[in-house]
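In terms of the working numbering, the sequence shown has 66 at position 66, counting the first letter as 1, and numbering is strictly consecutive. I have placed the structure first, in the form of structure tokens, so that the comments after it can refer back to it.
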Amino acid sequence: MIIANWKCNGSKKMIHEWVKEFKGTYISSDELYLGIAPAYIHVEYLADSLTSNDLDIKYGVQNVDLSSGARTGAISLDMVHDMACSFSLIGHSEMRNIYGETNENISGKLDLIDKGLDVILCIGESAEENHNSKTKEVLKNQLQVLKGRNLAENFTIAYEPVWAIGTGQTPTSEQINEIHNFIKDVVQSSSGSNAVPKVLYGGSVDENNAQSFFNEDFVDGALIGGASLNGNSFAKIVNLYNGVD
Ligand code: PEP
Numbered sequence: 001m002i003i004a005n006w007k008c009n010g011s012k013k014m015i016h017e018w019v020k021e022f023k024g025t026y027i028s029s030d031e032l033y034l035g036i037a038p039a040y041i042h043v044e045y046l047a048d049s050l051t052s053n054d055l056d057i058k059y060g061v062q063n064v065d066l067s068s069g070a071r072t073g074a075i076s077l078d079m080v081h082d083m084a085c086s087f088s089l090i091g092h093s094e095m096r097n098i099y100g101e102t103n104e105n106i107s108g109k110l111d112l113i114d115k116g117l118d119v120i121l122c123i124g125e126s127a128e129e130n131h132n133s134k135t136k137e138v139l140k141n142q143l144q145v146l147k148g149r150n151l152a153e154n155f156t157i158a159y160e161p162v163w164a165i166g167t168g169q170t171p172t173s174e175q176i177n178e179i180h181n182f183i184k185d186v187v188q189s190s191s192g193s194n195a196v197p198k199v200l201y202g203g204s205v206d207e208n209n210a211q212s213f214f215n216e217d218f219v220d221g222a223l224i225g226g227a228s229l230n231g232n233s234f235a236k237i238v239n240l241y242n243g244v245d
């Protein structure tokens, strides 16, 4: 599974170039869950620009609210479905740190898993927590929102150390593998369904380091920010994942 998170980037001009670059490099695969989450306003334009018989791409949103109505600035599940989007990120560290999203908000949004939305829950520790060897404690706390839930195939976790996002720094691939194994264990023992979720790695993944992460047993794919803004780089990473480089 490979997901692009475009954050608050992009324009119709950028998308025009991106699609040309992506199509020129990407080698299509039927097996892969390949998703792109541009800004809401660009979903339709991107989907129209990318349309092609041999491309199976899912579109998604970077956030969704748990209900509709008096919630200025938010978008609801019905709106997400109207845009033909099939997934949403939830709990991205930028939503937690800039917009004050809490475990309680996130827990409410996780009910959308049962309403047909593919959910990617983002978790990760800060630099300070990492330096103080608090990583596992922090992740365990963030995973509390899953306690007793019945998790199905449409639920995925993205491990994104906050200090690795957009910095060019990453844990080693061995460290990532160990943390992914830990996350799978914690979720399996605390969820209602004993399900083992897919776990993606996110944080400064690029075409040079991606393969080392993909080689690890417990890495089920990647969530990619900066490097996904260039169609050529993103396609190269996806090709590496598919083993067709
Ligand atoms: C992200 O913020 O989801 C992310 C993965 O960003 P980047 O790849 O730019 O570190």
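C-beta: ideal position from N, C-alpha, C; glycine also.
Look at the alpha carbon of residue i and the alpha carbon of residue j, and state the distance between them as a whole number of angstroms.
i      : j      : result
Gly278 : Lys140 : Residue 278 is absent from the model: the chain starts at 1 and stops at 245.
Gly231 : Gly116 : 29 Å
Cys85  : Ala127 : 33 Å
Lys136 : Val162 : 14 Å
Asn130 : Asp206 : 22 Å
Cys8   : His92  : 13 Å
Ile165 : His81  : 29 Å
Lys198 : Ile157 : 6 Å
Gly10  : Pro38  : 8 Å
Leu77  : Asp217 : 34 Å
Ile176 : Thr25  : 28 Å
Val238 : Lys134 : 32 Å
Phe87  : Asp111 : 13 Å
Asn215 : Gly69  : 45 Å
Phe234 : Phe22  : 7 Å
Leu50  : Ile183 : 35 Å
Asp54  : Ile98  : 38 Å
Gly148 : Ala195 : 11 Å
In the DSSP assignment, what are the bridge partners of residue i?
i      : result
Thr156 : Ile120 and Lys198
Ala37  : Asn5
Ile75  : DSSP lists no partner for Ile75.
Gly60  : Phe87
Ile176 : Note: Ile176 sits in no beta bridge, so no partner.
Ile224 : Ala4
Within 10 angstroms of its Cβ, does residue i collect 16 or more other Cβ (buried), or is it exposed?
i      : result
Leu200 : buried
Val145 : buried
Asn208 : exposed
Glu94  : buried
Asn5   : buried
Arg71  : exposed
Lys236 : buried
Going by Cα to Cα distance, which pick from the options is closest to residue i?
i      : options                           : result
Glu17  : Tyr33, Tyr241, Val238 and Ser228  : Ser228
Glu44  : Glu31, Val61 and Asp30            : Val61
Leu34  : Leu143, Val186, Asp56 and Met14   : Asp56
Leu32  : Ile2, Ile224 and Trp6             : Ile2
Gln169 : Gly202, Lys184 and Ser190         : Gly202
Gly225 : Val219, Glu216, Ala210 and Phe218 : Ala210
Thr172 : Thr25, Phe213, Met83 and Ile90    : Phe213
Ile41  : Ile75, Phe22 and Gly124           : Ile75
Ser67  : Asn239, Ser107 and Glu125         : Ser107
Cys122 : Lys134, Asn103 and Asp114         : Asn103
Gly192 : Thr167, Val119 and Asn150         : Asn150
Asn242 : Thr51, Gly124, Ser28 and Tyr159   : Ser28
Cβ-heavy atom distance between residue i and ligand 2 below 7 Å?
i     : result
Leu50 : Although ligand 2 was asked about, the structure shown includes only ligand 1 as ligands.
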